[in-house]
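The structure appears below as C-alpha cells.
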Amino acid sequence: MCQVSVVIPAFNRRAVVGEAIASALSQTLAPLEVVVVDDGSDDGTHKVALAYGEPVRCLRRDNGGPAAARNTGVIAARGDLVAFLDSDDAWHPHCLERLVANQRRYDLDMVFADVEVHQDGKLVARSFLAQKRVGPILTAHP
C-alpha cells in the first residue's frame, strides 16, 4: 500500500487544530506522517501540533496564506501521496482508505472528497469543488 502524507495548513487555529490532527491519526489507513504547517500563528498553534510527537511534524513559516502553507507542506512531505486537511476540519475514519482505494483503482492523478458540510445535523454549505467544475479549476490554476 502506498504511504500518505497529510498536510494541514494552519493560521491561529490553536482551538481546533488538535481535532484535525486527531482525525488524521485515527484513519483506518494510517498516514506515514502528518505535516502541520504553522503559517505565522501567534496563538500557540505550533505547540498543539508539537505535543503529538511522531508521526506529526510541525513546520513554521512567515504568514503567506493557506496556498503557500500547503506548498510548504508538499515540499516537506515524504509520502507517495499527499492529502490536504484544513485545520478546522475533521475526517471520517475511513476517508484516506477510500480516497486511496479510488486513486489506485482508477489510476488517478488526483482525488478529492466532495462532501456536504453539516453542523448540528443541518446543511451549512456545499464544498467549493461541488459548486464548480473541477476541470476548469485545474486548468486555470496549473
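For the sequence shown, this note's numbering begins at 1 and goes up steadily by one.
No residue lacks a Cβ here, since even glycine has one placed at the ideal position from N, Cα and C.
Bear in mind the structure is a predicted one, so any value in this text is a computation, not a measurement.
- Beta-bridge pairing by DSSP links Glu-33 to Ser-5.
- By the neighbour-count criterion, in which a residue is buried when 16 or more other Cβ atoms sit within 10 angstroms of its Cβ, Leu-99 is buried.
- It is roughly 15 Å from the alpha-carbon of Gln-103 to the alpha-carbon of Gly-79.
- Secondary structure at Val-111: coil, using DSSP grouped into helix, strand and coil.
- It is roughly 10 Å from the alpha-carbon of Glu-33 to the alpha-carbon of Ile-21.
- Along the stretch 54 to 111, the alpha helix (DSSP H) occurs as fully enclosed runs of 4 or more residues at 66 to 76 and 95 to 105, listed in sequence order.
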